[in-house]
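In the UniProt record's numbering, the protein residues as written are 1 to 199. Taking it in order: structure first as structure tokens, then the write-up.
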């Protein structure tokens, strides 16, 4: 078990490309109406379950627009003017090389599982490998000094959470990565935080 400060991990809200089933990687797409609502829901979780327990967490954001928009909407909903907010390149989504922007249905069989999508995402032509993604997110975790909210992406969040929990690659792939929730990781354990009224 790793000795890490408390982590609160958010995946960005639904995007237009999520709906279309496209590999996004480092390319961007706008949040849908549902995605914006999911970001606001994350803000309510932050207000109800994170901010009441000091100290205030630092906030680290992926440089990609969909993650930053998610944070701005969540922070506004939580009425949280975080004193320590920074963009961190290490929280960007895995680079998916030549597959970025392509429809999954054109590249994967209809029977593909979430684990298959994970494996494909870290094995794209010209893209970032699992080892490279693992190394940069491990470096990110090593630099943390206190409670931190991380706003990131689907594949990146699976690896980040897996590293914090000491999971194998196969276990990381099977975790699931919901939008509109917050994953709280502490002492090697994970809790999925839901909005008030759904706890």
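A virtual CB, placed ideally from N, CA and C, is assigned to each residue, including glycine.
Here residue 147 is buried: its Cβ has 16 or more other Cβ atoms, across all protein chains shown, within 10 Å. Per the Cβ contact rule, the stretch 167-180 is in contact with the stretch 115-123 (3 or more Cβ pairs under 8 Å).
Taking residue 114 as the centre and dropping the five residues before and after it, the same chain places the C-beta of 173, 174, 176 closer than 8 Å to its C-beta, in chain order.
Per DSSP, reduced to three states, the secondary structure at residue 143 is coil, with no helix or strand assignment. One alpha carbon belongs to residue 96, the other to residue 26, and they sit about 7 Å apart. Residue 87 sits in a strand when the DSSP states are folded into three classes.
Excluding its 5 nearest sequence neighbours in each direction, residue 71 has C-beta neighbours in its own chain below 6 Å: 61, 151, listed in chain order. With respect to the 7 Å criterion, residue 66 and residue 124 are not classified as neighbours on the basis of their beta carbons.
Just so you know, the alpha carbons of residue 84 and residue 110 end up roughly 44 Å apart.
In the pairwise beta carbon analysis, the stretch 137-144 is classified as not touching the stretch 28-48: fewer than three pairs are separated by under 8 Å. Its chain contains 97, 98 as the residues whose beta carbon lies nearer than 7 Å to that of residue 126, once the 5 sequence neighbours on both sides are disregarded; these appear in chain order.
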